[in-house]
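Below is one structure, written out as structure tokens; the observations come after it.
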Amino acid sequence: MALKNLARKKAGEAVDWINIADARVLTDLGLAERNGGGWVITTDGVAALANQNVSE
């Protein structure tokens with residue numbers, strides 16, 4: 000869910016909050032990173048989410 004929320008955030012949608020523990024796991028996997036604006040999805044995160052949607 001956190002990865003989808005980060006994708007929505009990147010698209011300019013309002014998201015309530017990102018679970019910090021989930022975001023840290025995504026960071027460890029290279030799917031998200033933290034910058035001055037908070038947690039953001041990486042290019043690898045976008046690709047992983049796209050691959051997940053294909054397999055669903």
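The sequence shown begins at 0 in numbering that gives the first Met the number 0 and counts up one residue at a time.
C-beta atoms are modelled at their ideal positions from N, C-alpha and C, and glycine is treated no differently.
Problem set entry | One or two residues paired with G37 in a DSSP bridge | G37 is bridged to N34.
For this session: Figure out for me which residue from K3, G44, K8, A6 has the closest Cα to the Cα of D27.
Result: G44
Exercise. With respect to the alpha helix (DSSP H) encompassing A6, which residues constitute its N-terminal and C-terminal limits?
Worked result: 1–9
Exercise. So, is N4 buried or exposed, given that buried needs 16 or more other C-beta atoms within 10 angstroms?
Worked result: buried
For this session: Name the two residues that bound the continuous alpha helix (DSSP H) containing V24.
Result: 19–27
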